[in-house]
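S.K.: All letters in the sequence shown, in the order written, are residues 890 to 1260 by the numbering used here.
All residues carry an ideal CB built from backbone N, CA and C; glycine is no exception.
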Amino acid sequence: LARQGHSVLLLDRAGRIKPCGGAIPPRLIKDFAIPDHLLVARARSARMISPADVKVDIPIEGGFVGMVDREHFDEWLRERAAEAGVLRQTGRFEKIERDDDGVAVVHWHSEGEGTQPVHSHARARCIIGADGAKSGVARAEIDGWDKGKFVFAYHEIVRKPESPPAGYDGSRCDVIYRGSLSPDFYGWVFPHGDTLSIGTGSADKGFSLRHATAALRQDCGMANAQTVRREGAPLPMKPLPRWDNGRDVVLVGDAAGVVAPASGEGIYYAMASARMAAQAAMKFLATGNAKHLAQARKQFLKEHGRVFWVLGIMQRFWYSSDKRRERFVDICRDKDVQQLTFDAYMHKRLVRKRPMAHVRIFFKDVAHLLG
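(1) Report the rounded CA-to-CA distance for V1117 versus P1128, giving the unit in angstroms.
(2) Using the Cα positions of C1221 and A935, report the straight-line distance between them to the nearest angstrom.
(3) Along the chain, which unbroken stretches of the alpha helix (DSSP H) at least 4 residues long are found entirely within the segment 1055-1115?
(4) If we count the other Cβ atoms within 10 Å of its Cβ and call it buried at 16 or more, is K1237 buried or exposed?
(5) Can you check whether the CB of L927 is closer than 9 Å to the CB of F962?
(6) For R976, name the three-state secondary structure that DSSP assigns.
(7) Distance, Cα to Cα, P1053 vs H1081?
(8) Given 8 Å as the limit, is there contact between the segment 1103-1110 and the segment 1133-1146, that is, 3 or more CB pairs closer than that?
(9) By the DSSP assignment, the alpha helix (DSSP H) with I918 in it spans what residues?
(10) Between G1033 and V943, what straight-line distance do the alpha-carbon atoms span, to the nearest angstrom?
(11) Looking only at C-alpha atoms, which of E983, R981, I923, A1161 sits nearest to W965?
(12) If contact is defined by three or more beta carbon pairs under 8 Å, each pair taking one atom from either stretch, is the segment 1091-1102 in contact with the segment 1169-1182?
(13) Out of I1016, C1015, I1031, T1084, which has the shortest C-alpha to C-alpha gap to K1049?
(14) Could you tell me if R1061 is buried or exposed, where buried requires 16 or more neighbouring beta carbons within 10 angstroms of its beta carbon?
(15) Which partner residues does W1207 have in the DSSP bridge list?
(16) Assuming A1013 and V1026 are in contact, meaning their beta carbons sit under 8 Å apart, how far apart are those beta carbons, in whole angstroms?
(17) How many whole angstroms separate the CB atoms of R969 and R902, which I take to be in contact at a CB cut-off of 8 Å?
(18) Which residues in the same chain as L976 place their Cβ atom closer than 6 Å to its Cβ, once the five residues preceding and following it in sequence are excluded?
(19) Would you tell me roughly how many angstroms separate the C-alpha atoms of V1040 and Y1234, rounded to the nearest one?
(20) Are the CB atoms of A1166 and A1179 nearer to each other than 9 Å?
(21) What are the boundary residues of the beta strand (DSSP E) that K907 is part of?
(22) CA-CA distance, M1111 and D958?
(23) Consult DSSP for D1032 and reduce its assignment to one of helix, strand or coil.
(24) With respect to the alpha helix (DSSP H) encompassing R1164, which residues constitute its N-terminal and C-terminal limits?
(25) Exposed or buried, what is R1214 when buried is set at 16 or more other beta-carbons lying within 10 Å of its beta-carbon?
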């Protein structure tokens, strides 16, 4: 938007680090010109681990998944925006009002001298709510803001020991499917170069994510590793039914609910939805027709809605019991499944050029479902 000559204000909280595993696929690196120095690790394989500790290694042939540290990755993105002409402000969103001429006024506060907050405001013809799950902007402006479904994710960033445990591979992401680690999601151990992200998630509010993460650290030999920080956040598992208010506000990223079910992947989808929202906003600003804002959601679901639907079914079915998790990991041995899964993940499209592979997977799935 700034590169197109618009006056843009970027408001963000001070010292915020988004809790996140930090995986970014090649499609994101290419589409958004991410430099190599932001990649703290390159994952070249994934290990799926079943409740019975069966391990299935899936190589990423001819490529890698980049791993980023959100503390540095997000700040680099904000700085790139500033270099493009965006005005950065630090503060917490309070509310949106309207002037007599109908133009929105965004209010926020920042920490001042002593304990008194400093209140500020700015007029805006268009507002993009990128303020995360359970967004304050959505709560203030969007019908259906409370229709989201969430998994709460928790992880601990730990320092990689000088002598890593036997079997540790800094180029492999481990995904653990076990009811004791999560009754409805999964646990993970993701390499971040000198550190690791170890965590789990669940929609069950009575489930102890901290205890499960402690057990996972024990299992992977990282119980005594130095803990750098502990973080938790809700992850939306379903796009909101509406992203715009029909007037001057549109949502993106976690605020819009665009985290992939089953996998929990959100960085690519956040950035893709933001680009679509920016394009919609430009049309709105050029014409004054607020109907253009609804195009962001329509375009996103056209490109990614089918993948979200399939992943949602997969999470509800395969993650519901250890017996089914065992079968799910067994399916992951299949080369057709591996190839199509990584094509979809790495390039963000359902590959149609191998129809017989789809047919084979369908019959294999039916066989697994019938036991």
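M.R.: The short version:
(1) 32 Å
(2) 11 Å
(3) 1098-1108
(4) buried
(5) yes
(6) Correcting the residue type first, residue 976 is Leu in the shown sequence and not Arg. In this structure, L976 counts as strand in the three-state DSSP scheme.
(7) 14 Å
(8) no
(9) 915-920
(10) 42 Å
(11) I923
(12) no
(13) T1084
(14) buried
(15) In the DSSP output, where bridge partners are listed per residue, W1207 has none listed.
(16) That pair is no contact at about 11 Å.
(17) Not a contact, Cβ separation roughly 19 Å.
(18) L898
(19) 21 Å
(20) no
(21) Note, K907: premise wrong, no beta strand (DSSP E); not H, not E.
(22) 19 Å
(23) coil
(24) 1156-1176
(25) buried
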